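Asks:
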Amino acid sequence: MARATTAAKNNALATIASALEQDITVLKEANARDCAQAQEKALDAAFIDRLTLSDAALRTMIAGLRQVLSLPDPIGEISELKSRPSGIQVGRMRVPLGVIGIIYEARPNVTIDAAALCLKAGNAVILRGGSEALNSNLALARSISSGLAAAGLPADAVQVVATADRAAVGKLATMTEYIDVLVPRGGKSLIERLMREARVPMIKHLDGVCHVYVDSAADLTKALAVCDNAKTQRYGTCNTMETLLVAASIAATVLPPLCRLYQDKAVALRVCARSRTVLEQAGIASLADATEADWRAEYLAPILAIRIVDDLDAAIDHINTYGSAHTDAIVTEHYDHAQRFLREVDSASVLVNASTRFADGFEYGLGAEIGISNDKLHARGPVGLEGLTSLKYIVLGHGEGRR
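Reminder that position 301 of the sequence shown reads as 301 in full-length UniProt numbering, one-by-one numbering, no gaps.
This is the structure:
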């Protein structure tokens, strides 16, 4: 895979995309079996949402493949080439990471996202999906293998671990002799387990406690649009807003219409004492009191914690104290406030006047992302092609020796 040409890799991606289009009926039948079994087990709505391969989800997966195909191939790119006094030139070349292991739960779209990015970056990949998505993953793997073979690349460059045995996860996470990097995609319990057990380096995030702060200088129309989308566009994702922060000076203006909107969409509101006062004065009831635990909660559900804060300083302090360093946004028309928020919020993605739901590799133009990292090494934020590569030093000489 490391030696594969750009043309060969692009041909493989195009062939896999065509195979998926031809196999849509088979894929949906396999996914329907998984979804039916999940419903029989009474798994929650957020879980089933991540499991489901809707028509829209399949179209997005196929579009993601083609977007990755259109991206520049990073492999072999030379940068930072500088001449040294000794006469040599020193630069850096981008190279594949090697073999990447992906461990994920009920997210069959990861099978395609991971395959696309790993293949384009010249890597091989071993996929271990959750047992709840086994039928979907195996069907997707067959489409991938047929596409690779048709394009003349090794059909086993993308492999799916077919067993649902949990022991396979622990084994995979310790196989340093075979796997260069591990990327876990799943719930908090999976990530916590791997943080305890893994010996293979990981690209990961533990959870997504994302915030939107409505600043004292916010535009009301923008605030309503951003806060609505950040919470209600989709509930079961790691970049969904879980806590809304509102500046005290604008709370009486922005909170009532926003909370009416949330309640119309059956979002349960857990509010601080100051928020309760503002909302009850506006005639809004059915409010629950927020606890300390709510400020750290990743609900992945139609539940929202709301807190009124004094100012920008208090908002930044709250986010850096309770957040997960994933994705946070400010709504403001004040340039200096926006710049301070961008600089001082210590998160992988920080946005101004835009929904946290944009924190996604596809939306960032990276192609289908492999995952999101809120670590600071080796990659941070949505991980696309460059996050699946490394840099090595190269030296170009003319017969020089060191003196």
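Quick reminder that beta carbons are idealized off the backbone N, C-alpha and C, glycines included.
Since we're looking at a predicted model, the values are computed, not measured.
Report the rounded CA-to-CA distance for A305 versus D294, giving the unit in angstroms.
Replies: Here residue 305 is taken as the residue at index 305 of the sequence shown, counted from 1. Here residue 294 is taken as the residue at index 294 of the sequence shown, counted from 1. When rounded, the distance between both Cα atoms is 6 Å.
Asks: Report the residue ranges of all alpha helix (DSSP H) runs contained in full by the stretch 175-213; include only those spanning at least 4 residues, in chain order.
Replies: Here the runs fully enclosed are 188-197.
Asks: Could you give the first and the last residue of the continuous beta strand (DSSP E) run that contains V160?
Replies: One-based indexing of the sequence shown puts residue 160 at position 160. Counting along the chain, the beta strand (DSSP E) containing V160 begins and ends at V158 to V160.
Asks: Just checking, does the stretch 162-170 make contact with the stretch 85-102 on the three C-beta pairs under 8 Å criterion?
Replies: No, the stretch 162-170 is not in contact with the stretch 85-102.
Asks: Since P256 contacts L279 with CB under 8 Å, what's their CB separation in whole angstroms?
Replies: For this step, residue 256 is matched to residue 256 along the sequence shown. For this step, residue 279 is matched to residue 279 along the sequence shown. Confirmed, about 6 Å.
Asks: Which of the three DSSP states is assigned to R66 in this structure?
Replies: Taking the sequence shown and counting its residues from 1, one reaches residue 66 at position 66. Reduced to three states, the DSSP call for R66 is helix.
Asks: Does DSSP put R59 in a helix, in a strand, or in coil?
Replies: Position 59 of the sequence shown holds residue 59. Three-state result, R59: helix.
Asks: Among V267, V350 and R403, whose alpha-carbon lies nearest the alpha-carbon of G381?
Replies: Taking the sequence shown and counting its residues from 1, one reaches residue 381 at position 381. Closest by alpha carbon: V350.
Asks: Could you check whether the Cβ of I394 sits closer than 7 Å to any heavy atom belonging to the ligand MG?
Replies: Among the ligands in the structure shown, none appear at all, so the ligand MG cannot be discussed.
Asks: Do E333 and A217 have their C-beta atoms closer together than 8 Å?
Replies: Mapped onto the sequence shown, residue 333 falls at position 333. Mapped onto the sequence shown, residue 217 falls at position 217. For E333 and A217, yes; Cβs fall inside 8 Å.
Asks: Given a cut-off of 8 Å on the beta-carbon distance, is the pair D156 and G98 in contact?
Replies: Walking along the sequence shown from the start, residue 156 turns up at place 156. Walking along the sequence shown from the start, residue 98 turns up at place 98. Taking 8 Å as the Cβ cut-off, D156 and G98 do not qualify as a contacting pair.
Asks: Where DSSP assigns a beta bridge to T243, which residues make up the other side?
Replies: Here residue 243 corresponds to residue number 243 of the sequence shown, with the count starting at 1. Note: T243 sits in a beta bridge opposite H211 and A305.
Asks: Can you pull the DSSP bridge partners for S79?
Replies: The residue labelled residue 79 in the question sits at position 79 within the sequence shown. S79 pairs with R92.
Asks: Determine, using beta-carbon pairs with one atom in the stretch 35-46 and one in the stretch 121-129, whether at least three such pairs fall under 8 Å.
Replies: Not touching, per the Cβ criterion.
Asks: Please list the terminal residues of the continuous beta strand (DSSP E) segment that includes P382.
Replies: Locating residue 382 in the sequence shown gives position 382, where the first residue counts as 1. Segment G381 to V383, the beta strand (DSSP E) holding P382.
Asks: Just to confirm, is the Cβ distance from G208 to H337 under 8 Å?
Replies: Reading the sequence shown from its first residue, position 208 is the one you call residue 208. Reading the sequence shown from its first residue, position 337 is the one you call residue 337. Contact flag unset, no.
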